[in-house]
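J.: Quick one: this structure, given as structure tokens, is what I'll be asking you about.
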Amino acid sequence: MNKSVSLVLGSGGARGLAHIGIIRWLEEHNYHIASISGCSIGALVGGIYAAGKLDQFEEWITSIDSVDMALLLDISWQSSGIFKGDKIINTLIDLIGDIEIDDLAIPYTAVAADVAEEKEVWLNSGRLFDAIRASISLPLFFTPFTIDGVELIDGGVLNPVPIAPTFGDKTDLTLAVNLGGPMEEVVAHTPPVTRDSKLHAKVASYIDKLHNSVKNSINFNIEGYDIANQAFDAMQSTIARQKLAAYPADVTIEIARNACGTLEFDKASDMISLGYQKAQQCFAQQSPHHHIVTK
Numbered sequence: 000m001n002k003s004v005s006l007v008l009g010s011g012g013a014r015g016l017a018h019i020g021i022i023r024w025l026e027e028h029n030y031h032i033a034s035i036s037g038c039s040i041g042a043l044v045g046g047i048y049a050a051g052k053l054d055q056f057e058e059w060i061t062s063i064d065s066v067d068m069a070l071l072l073d074i075s076w077q078s079s080g081i082f083k084g085d086k087i088i089n090t091l092i093d094l095i096g097d098i099e100i101d102d103l104a105i106p107y108t109a110v111a112a113d114v115a116e117e118k119e120v121w122l123n124s125g126r127l128f129d130a131i132r133a134s135i136s137l138p139l140f141f142t143p144f145t146i147d148g149v150e151l152i153d154g155g156v157l158n159p160v161p162i163a164p165t166f167g168d169k170t171d172l173t174l175a176v177n178l179g180g181p182m183e184e185v186v187a188h189t190p191p192v193t194r195d196s197k198l199h200a201k202v203a204s205y206i207d208k209l210h211n212s213v214k215n216s217i218n219f220n221i222e223g224y225d226i227a228n229q230a231f232d233a234m235q236s237t238i239a240r241q242k243l244a245a246y247p248a249d250v251t252i253e254i255a256r257n258a259c260g261t262l263e264f265d266k267a268s269d270m271i272s273l274g275y276q277k278a279q280q281c282f283a284q285q286s287p288h289h290h291i292v293t294k
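Numbering (numbering that gives the first Met the number 0), first residue to last: 0 to 294.
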């Protein structure tokens, strides 16, 4: 009999592509994902999974490289963030569809932060990609996103592993994925991505249309944000440890915070593989001597 899972997907930029590998492992081992709560990249991957489109997203994200990603960044010229994020979101809508949260197959909550009021905002209705856009608004990088008159930013500022939205679930276990785990020695497990994916031509066509309007963004120095990104990662890691100590999940999978950089989406294949391996290791440790605590 399948065990039902409340899946909590944390924030951490490109490391969150490990969420895909974890979901794949759960599917292959007869776990039924009954609800999703996600923050930032967790909201993105979780929402796309809930929409039944994870295959399309995985093929897309593993077919692009760092140049492609840079060409999808639209400079905002605002002091609140370098990029608007519209072109990435619109590209995903083109690939996946414009979906309402109420129409998803399973309950879903994206967590964002209302900094002015110093509180979390749970987004569980309305347009899926509006909720995702709000939840991924990494400070300094993306401009805030406004929903119902409230400016929202990356939920990881206040809660990088948002377990609370799952408290009312009647599932067998809660599985949380923390992308701010202890640092480890990083070893590449997959060869470099080739550009022969059948989706790459489709991705390239989107990028070609965007090229003229964002050509200057290719010169944006991502490395200039390394210190800010490291500071944000350290903050999220500390908050995540506190949240998980106060509200422990039945099972927690930790991805090392140095597994890849926040913006290294060209390492998608490595992160997906890493997530799958971490899920396998984690559940192997749960038995036979360490039993999963069920509700």
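Cβ coordinates follow ideal geometry from the N, Cα and C atoms, glycine included.
Can you find the residues in the same chain that come closer than 7 Å, C-beta to C-beta, to Ile105, ignoring five residues on each side of it along the sequence?
T.: Working through the sequence shown from its first residue, we reach residue 105 at position 106. So the qualifying residues of the chain are Ile32, Ala33, Ser34, Ile35, Ala49.
J.: Considering only the beta carbon of each residue, do Ala130 and Leu122 sit closer than 7 Å?
T.: Indexing the sequence shown from 1 puts residue 130 at position 131. Indexing the sequence shown from 1 puts residue 122 at position 123. Yes, these two residues count as a Cβ contact at 7 Å.
J.: Output yes or no for whether 7 Å exceeds the beta carbon distance between Gly180 and Glu253.
T.: The residue you call residue 180 lines up with position 181 of the sequence shown. The residue you call residue 253 lines up with position 254 of the sequence shown. In contact: Gly180 and Glu253 (Cβ atoms closer than 7 Å).
J.: Mind reading off the beta-carbon distance from Gly15 to Leu6? Whole number of angstroms is fine, and I expect it under 8 Å.
T.: Residue mapping note: residue 15 aligns to position 16 of the sequence shown, counting from 1. Residue mapping note: residue 6 aligns to position 7 of the sequence shown, counting from 1. Not a contact, Cβ separation roughly 13 Å.
J.: Hey, could you find the ends of the beta strand (DSSP E) Gly179 is sitting in?
T.: Within the sequence shown, numbered from 1, the residue matching residue 179 stands at position 180. Segment 172-180, the beta strand (DSSP E) holding Gly179.
J.: Using the rule of at least 16 other Cβ atoms within 10 Å of the residue's Cβ for burial, across every protein chain shown, is Val66 buried or exposed?
T.: Counting from one through the sequence shown, the residue named residue 66 turns up at place 67. It counts as exposed.
J.: Thr173 and Asp249 - do their beta-carbons sit closer together than 7 Å?
T.: Here residue 249 is taken as the residue at index 250 of the sequence shown, counted from 1. Here residue 173 is taken as the residue at index 174 of the sequence shown, counted from 1. Yes. Within cutoff.
J.: Tell me the DSSP secondary structure of Ile19 in three-state form.
T.: On the sequence shown, residue 19 is found 20 positions in, with the first residue counted as 1. It is helical.
J.: Do three or more CB pairs link the stretch 150-165 to the stretch 91-98 at distances below 8 Å?
T.: No, they do not touch.
J.: Taking 7 Å as the threshold (C-beta atoms), are Tyr30 and Lys52 in contact?
T.: Locating residue 52 in the sequence shown gives position 53, where the first residue counts as 1. Locating residue 30 in the sequence shown gives position 31, where the first residue counts as 1. No; because the gap between Cβ atoms is not below 7 Å, this pair is not in contact.
J.: So does the stretch 21-30 actually touch the stretch 100-117, counting three or more Cβ pairs closer than 8 Å?
T.: Too few Cβ pairs lie closer than 8 Å, so no.
J.: Anyone know if the C-beta pair for Gly155 and Cys38 falls short of 7 Å?
T.: Position 156 of the sequence shown, counting from 1, holds the residue named residue 155. Position 39 of the sequence shown, counting from 1, holds the residue named residue 38. Yes, these two residues count as a Cβ contact at 7 Å.
J.: Does DSSP put Thr293 in a helix, in a strand, or in coil?
T.: As a position in the sequence shown, residue 293 is number 294, starting the count at 1. Residue placement at Thr293 is flagged as unreliable, the pLDDT there being 39, under the threshold of 50; a coordinate-derived value is accordingly withheld.
J.: Output the boundary residues of the beta strand (DSSP E) element that contains Ser34.
T.: Taking the sequence shown and counting its residues from 1, one reaches residue 34 at position 35. Counting along the chain, the beta strand (DSSP E) containing Ser34 begins and ends at 30-38.
J.: Nearest-angstrom Cα distance between Ile22 and Asp64?
T.: Here residue 22 refers to the residue found at position 23 when the sequence shown is read from its first residue. Here residue 64 refers to the residue found at position 65 when the sequence shown is read from its first residue. Each residue's Cα considered, the two are about 23 Å apart.
J.: Identify the residues that DSSP records as bridge partners of Trp24: which are they?
T.: Sequence index remark: in the sequence shown, residue 24 carries index 25 (1-based). DSSP output for Trp24 lists no bridge partner at all.
J.: Using a threshold of 6 Å, is the CB atom of Ser62 nearer than that to any non-hydrogen atom of the ligand SAH?
T.: The ligand content of the structure shown is nil, which means the ligand SAH is not present either.
J.: By Cβ distance, which residues of its chain are closer than 6 Å to Ser236, with the 5 residues on each side in sequence left out?
T.: As a working mapping, residue 236 is identified with position 237 in the sequence shown. Contacts found: Gly179, Arg256.
J.: Under three-state DSSP, which class holds Thr145?
T.: Sequence index remark: in the sequence shown, residue 145 carries index 146 (1-based). Thr145 falls in the strand class under three-state DSSP.
J.: Can you give me the start and stop residues for the beta strand (DSSP E) that Tyr107 sits inside?
T.: Taking the first residue of the sequence shown as 1, we reach residue 107 at position 108. Unbroken beta strand (DSSP E) run through Tyr107: 107-113.
J.: Would you identify the three-state DSSP class for Asp102, choosing helix, strand or coil?
T.: Numbered from its first residue, the sequence shown carries residue 102 at position 103. Three-state result, Asp102: helix.
J.: What do you get for Phe140, buried or exposed, if any count of 16 or more other CB atoms within 10 angstroms of its CB means buried?
T.: Here residue 140 corresponds to residue number 141 of the sequence shown, with the count starting at 1. Buried is the call here.
J.: Quick check on Glu119: does DSSP put it in helix, strand or coil?
T.: As a first step, residue 119 must be located in the sequence shown, where it is residue number 120. If DSSP states are grouped into helix, strand and coil, Glu119 belongs with the strands.
J.: Could you tell me which residues DSSP pairs with Thr61 in its beta bridges?
T.: Residue numbering aside, residue 61 sits at position 62 when the sequence shown is read from its first letter. Bridge partners of Thr61: none, in fact.
J.: Alpha carbon to alpha carbon, how far is Arg132 from Ala109?
T.: Sequence index remark: in the sequence shown, residue 132 carries index 133 (1-based). Sequence index remark: in the sequence shown, residue 109 carries index 110 (1-based). One C-alpha to the other measures close to 10 Å.
J.: If you compare alpha carbons, which of Ser134, Glu116, Lys86, Val114 is closest to Tyr107?
T.: One-based indexing of the sequence shown puts residue 107 at position 108. Closest option to Tyr107, Cα to Cα, is Ser134.
J.: From Arg240 to Lys266, what distance separates their C-alpha atoms?
T.: In the sequence shown, residue 240 corresponds to position 241, counting from 1. In the sequence shown, residue 266 corresponds to position 267, counting from 1. C-alpha separation (whole angstroms): 26 Å.
J.: Are the Cβ atoms of Thr170 and Val44 separated by less than 7 Å?
T.: Numbered from its first residue, the sequence shown carries residue 170 at position 171. Numbered from its first residue, the sequence shown carries residue 44 at position 45. The answer is no: Cβ separation not under 7 Å.
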